[in-house]
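Take a look at the structure set out below.
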Amino acid sequence: TPVAAVIPAAGRGVRLGPGAPKALRTLGGTPMLIHAVRAMAASRAVSLVVVVAPPDGAAEVKSLLDAHALPERTDILVVPGGASRQESVKLGLDALPPGHDIVLVHDAARPLVPVDTVDAVIEAVREGAPAVVPVLPLADTVKQVEPVAAPGEPEPVVATPDRSLLRAVQTPQGFDRATLVRAHETVTDNVTDDASMVEQLGERVVAVPGHEEAFKVTRPLDLVLAEAVLARRRL
Ligand code: C5P
Numbered sequence: 016t017p018v019a020a021v022i023p024a025a026g027r028g029v030r031l032g033p034g035a036p037k038a039l040r041t042l043g044g045t046p047m048l049i050h051a052v053r054a055m056a057a058s059r060a061v062s063l064v065v066v067v068a069p070p071d072g073a074a075e076v077k078s079l080l081d082a083h084a085l086p087e088r089t090d091i092l093v094v095p096g097g098a099s100r101q102e103s104v105k106l107g108l109d110a111l112p113p114g115h116d117i118v119l120v121h122d123a124a125r126p127l128v129p130v131d132t133v134d135a136v137i138e139a140v141r142e143g144a145p146a147v148v149p150v151l152p153l154a155d156t157v158k159q160v161e162p163v164a165a166p167g168e169p170e171p172v173v174a175t176p177d178r179s180l181l182r183a184v185q186t187p188q189g190f191d192r193a194t195l196v197r198a199h200e201t202v203t204d205n206v207t208d209d210a211s212m213v214e215q216l217g218e219r220v221v222a223v224p225g226h227e228e229a230f231k232v233t234r235p236l237d238l239v240l241a242e243a244v245l246a247r248r249r250l
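For the sequence shown, the UniProt record's numbering begins at 16 and goes up steadily by one.
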């Protein structure tokens, strides 16, 4: 089964601070988006990558992709994205040609995911799971709090979930295509990942081991870490 990867890259990345859209920020001199596309194309199973560009930036993203070396065997499509991550993924799915029955959804903001993680996700979908997420155990204990009126005000703690049963979720998340399309057609609440939409359908979602290098570049400190990981790889 040929695999397609959808990469939502339409976010502004406001938490990183001022500058270019997050996906276009560079790591080791190369835009994060290019790293993310290469990470997907590194899997021999992936024959198509759909990049979801900022709504007004599809042309810019296209020329960026043309300017960087990518594996010949991988087709690349660029489509304009939407106002939310969810909408951007949906627009990417709409652009998928027939024949790709397994779909990965991968954040451009996770440029350094190793190919072994990508392949492990694909393998679990091939073995029959309609949705697969790569996960890591949590280093920190997690508290549930009550919302407060003003940011910075002390928040009442209401619960401490058992950490051993919690996982931090990464991407690429892998899906049976028909299941993911149905999820995007059915679920309208705001969600932060695609697998949760499949959960809402009542379909089975399984977790496989993720990788610490698949972390999301969100805040300025993450850029420092990403540069260090890249430098170590180049040794
Ligand atoms: O904001 P966050 O870090 O959760 O974004 C995750 C991914 O979703 C990023 O790759 C970002 O570019 C993408 N995104 C998008 N369209 C939006 C918002 C975010 O494609 N409207």
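Each residue gets a CB set at the ideal place from its N, CA and C atoms; glycine is no exception.
| query | result |
| --- | --- |
| Unbroken stretches of the beta strand (DSSP E), 3 residues or longer, contained in the region 178–243 | 182–184, 188–191 and 220–224 |
| beta-carbon Val-206 near the ligand C5P non-hydrogen atom, thresh 7 Å | no |
| Contact test: Thr-233 Cβ vs the ligand C5P heavy atom, cutoff 7 Å | yes |
| Expected contact under 8 Å - CB spacing of Val-94 and Ala-110 to nearest Å | 5 Å |
| Own chain partners of Ala-183 with C-beta closer than 7 Å, once the 5 adjacent residues on each side are dropped | Val-150, Leu-151 and Leu-153 |
| Whole-angstrom C-beta distance between Glu-170 and Val-160, which should lie under 8 Å | 4 Å |
| Counted within 10 angstroms of its Cβ, other Cβ atoms place Ala-210 as buried (16 or more) or exposed | buried |
| Separation of Asp-81 from His-50, as counted between CA atoms | 14 Å |
| Alpha carbon of Pro-17 to alpha carbon of Gly-32, nearest angstrom | 38 Å |
| Cut-off 8 Å between Cβ atoms - residues of its own chain near Phe-196, not counting five sequence neighbours on either side | The amino acid occupying residue 196 in the given sequence is Val; Phe does not appear at that position. Excluding sequence neighbours, Val-196 sits near Leu-108. |
| Backbone CA spacing between Val-213 and Ala-74 [nearest angstrom] | 32 Å |
| Burial state of Asp-155, where buried means 16 or more other Cβ atoms lie within 10 Å | exposed |
| Minimum length 3: unbroken beta strand (DSSP E) runs contained in the region 93–161 | 117–120 and 146–152 |
| For Leu-63, the three-state DSSP class (helix, strand or coil) | strand |
| Cα-Cα separation between Leu-92 and Asp-208, rounded to whole angstroms | 22 Å |
| Length of the line joining the Cα atoms of Arg-249 and Ala-241 | 13 Å |
| Check: Arg-100 C-beta below 7 Å from any heavy atom of the ligand C5P | yes |
| For Ile-137 and Ala-246, the rounded distance between their alpha carbons | 28 Å |
| Cβ-Cβ separation, Ser-58 to Val-147 (assumed contact under 8 Å), whole Å | Not confirmed; about 14 Å, so no contact. |
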